[in-house]
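Protein chains in written order, with our numbering: chain L, 135 to 445; chain F, 28 to 253.
Backbone N, C-alpha and C fix where the C-beta goes; we use that ideal spot for every residue, glycine too.
A quick note: this is a predicted structure, and the numbers were derived from the prediction, not measured.
One structure is given here, and the rest of the page talks about it.
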């Protein structure tokens, strides 16, 4: 049920030679499996993360983000093997998040093959880790994810542990502090929108993007092609992280057995067994997203030569 | 057909960032590199890659501590293939203004400068530059990419960048590619005799980036057959 995209090549004048907007494939991982939830909860097993990652790489993803979605809660860091297997064959940047607490954790994940790490809980608990890590590994290696939830009074507060733990820290001053401490990039997650397909929280994205001078990635809510454009054009995001739109497209097109692989019977596999699709998400491939953005004059790496099985 | 035997390609480990992807990019084009951090290993290598992520000053300090500065200069003077990546390109220059003034390897005349905070129309530049930007042939220097590691790359191809500082060679003939960021046209790849270096990460630039490794590796094979 992919969104219809016109593939006519518009011969618009493309402004040459500038930094392009990034489309980042985000993969939430629990144990050996790719999972997807709503509001970062209610995780469904979708298949093997490496198989999805390979498809996204061949389809022209600009970056990959792996998030060990339960690591903060269960104190485990099982992602290293998956990271290593991925990094050996996928030559685009890989950011790893989830359960990274110390400088040693960061070093271990980088040695496993990650290019960047993203911190949330550890940074909230002890903000100095941002400074220490960016000194030690370089600012550009250290990303901070901010999980934001809008309060009834309209203010946004930062949460940890996949939006479960209230921190009492307001998002805007926290973003400024994150930049001040030396982080190279911010991923701003709208927990309210995450997994819903209702669109990015543009107000939140714009608030953060306008307040800082480091790159800002919008995450949470992508459900239509237009959402991606708004996050960039109205939210002033430098890139967007997309999960459901891409994952459900692969599953729809390839069928359960075609893409999910020999997934372990761990976690909630009812969704996969049911063969249902997810109605609020208009699924799309990476080339479809990029072609749409190019047609809409959003500058992105629209490399039509890099088209793989996801096309 | 005689079996092509590769000579030893060394990747310099000086505690400045991720060697994993450089190593695997080499392997993907049929080169099995060795990770080296001793002066003697540099002397014995037939080709060298200087990668690097992080701060200029710390990196130079590490190179001095490991006693690698002199062997590196000797290696480059020997004419053997040498590739620098990201910070590994910046370190080749004379000096950097990153967190105070630092002396570099001084193999290419020029400075390493910070990206300006604002562009000409007073819009803020988001620094670091992170993402895919285009590399174009430096027409000013009358360069072509023929017979360079960029030979297989289309003019205007996207490559992955992640950096806050940029190198400014004194001689325009060292500029192999230029890229625009924040209203600035800066040098994104250099060439000088046996030195080839990129500000972007070919090992993170998907299929097009791997082509650069393949070309570079093929030249090493050619050298051996000579």
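Check: Residue 236 of chain F to residue 183 of chain F span [Cα, whole Å]; Outcome: 13 Å
Check: 9 Å Cβ cutoff, residue 120 of chain L in contact with chain F; Outcome: Beyond the ends of chain L as shown, which are 135 and 445, falls residue 120 of chain L; an answer cannot be given.
Check: Segments assigned alpha helix (DSSP H), at least 4 residues, entirely inside the stretch 162-241 of chain L; Outcome: 183-192, 205-208, 214-223
Check: Simplified DSSP state of residue 59 of chain F, which is helix, strand or coil; Outcome: coil
Check: Exposure of residue 170 of chain L, with buried meaning 16 or more beta-carbon neighbours within 10 Å; Outcome: buried
Check: Continuous beta strand (DSSP E) assignments of at least 3 residues falling wholly in the stretch 94-128 of chain F; Outcome: 109-112, 120-123
Check: Candidates F:115, F:210, F:106: closest to residue 148 of chain F by CA position; Outcome: F:210
Check: Sequence-distant residues of its chain with Cβ nearer than 6 Å to residue 353 of chain L (five each side left out); Outcome: 321, 323, 375
Check: Which listed residue (F:242, F:48, F:105, F:231) has its alpha carbon closest to that of residue 244 of chain L; Outcome: F:48
Check: Any chain F beta carbon closer than 9 Å to residue 311 of chain L; Outcome: no
Check: At least 3 beta-carbon pairs within less than 8 Å: the stretch 252-261 of chain L vs the stretch 185-196 of chain F; Outcome: no
Check: CB contact below 9 Å: residue 368 of chain L versus chain F; Outcome: no
Check: Outcome for residue 334 of chain L when other beta-carbon atoms lying within 10 angstroms are tallied against a minimum of 16; Outcome: buried
Check: Straight-line gap, residue 209 of chain L to residue 143 of chain F (C-alpha atoms, nearest Å); Outcome: Unreliable placement is indicated for residue 209 of chain L, whose pLDDT of 47 sits below 50; the coordinate value is still reported in the next sentence. Approximately 41 Å, taken between the alpha carbons.
Check: Contact set for residue 133 of chain L: own chain, Cβ-Cβ below 7 Å, skip 5 residues either direction; Outcome: Past the boundaries of the shown model lies residue 133 of chain L; chain L is included only from 135 to 445, so the question cannot be answered.
Check: CA nearest to the CA of residue 232 of chain L, picked from L:203, L:249, L:337, L:435; Outcome: L:203
Check: Chain F within 9 Å of residue 246 of chain L, Cβ atoms only; Outcome: yes
Check: Host alpha helix (DSSP H) of residue 312 of chain L (start-end); Outcome: 305-314
Check: Separation of residue 314 of chain L from residue 224 of chain F, as counted between CA atoms; Outcome: 31 Å
Check: Closest Cα partner of residue 131 of chain F within the set F:76, F:42, F:85; Outcome: F:85
Check: Partners in chain F for residue 319 of chain L, counting only beta-carbon separations shorter than 7 Å; Outcome: 157
Check: Residues that DSSP places opposite residue 211 of chain F in a beta bridge; Outcome: F:208
Check: The stretch 278-296 of chain L touching the stretch 38-52 of chain F, judged by at least three CB pairs closer than 8 Å; Outcome: no
Check: Where residue 74 of chain F sits in the DSSP three-state scheme; Outcome: strand
Check: Chain F contact for residue 449 of chain L (CB, 9 Å cutoff); Outcome: No statement about residue 449 of chain L is possible, as the shown extent of chain L runs from 135 to 445 and does not include it.
Check: For residue 186 of chain F, the residue or residues it bridges with in DSSP; Outcome: F:160
Check: Pair within 9 Å by beta-carbon distance, residue 506 of chain L and residue 201 of chain L; Outcome: Because chain L spans 135 through 445 in this model, residue 506 of chain L falls outside it and cannot be assessed.
Check: C-beta neighbour in chain L for residue 187 of chain F, strict 9 Å; Outcome: yes
Check: Distance between residue 197 of chain L and residue 387 of chain L (C-alpha atoms, nearest Å); Outcome: 22 Å
Check: CA-to-CA distance, residue 64 of chain F to residue 254 of chain F, given in whole angstroms; Outcome: Since the first residue shown for chain F is 28 and the last is 253, residue 254 of chain F is missing from the structure and cannot be characterised.
Check: Neighbourhood of residue 228 of chain L by C-beta distance below 8 Å, restricted to the same chain and skipping five residues each side; Outcome: 197, 198, 199, 200, 217, 220, 221, 247, 248, 249, 250
Check: Cβ neighbours of residue 346 of chain L in the same chain (closer than 7 Å, five flanking residues each side left out); Outcome: 309, 310, 313, 320
Check: Rounded C-alpha distance that separates residue 186 of chain F from residue 435 of chain L; Outcome: 9 Å
Check: Where residue 294 of chain L meets chain F, residues with beta-carbon distance less than 8 Å; Outcome: Neighbours of residue 294 of chain L on chain F: none; closest Cβ ~24 Å, over 8 Å.
Check: Beta-carbon proximity list for residue 266 of chain L, same chain, < 8 Å, skipping 5 on both sides; Outcome: 237
Check: Per-residue DSSP class, three states only, for residue 299 of chain L; Outcome: strand
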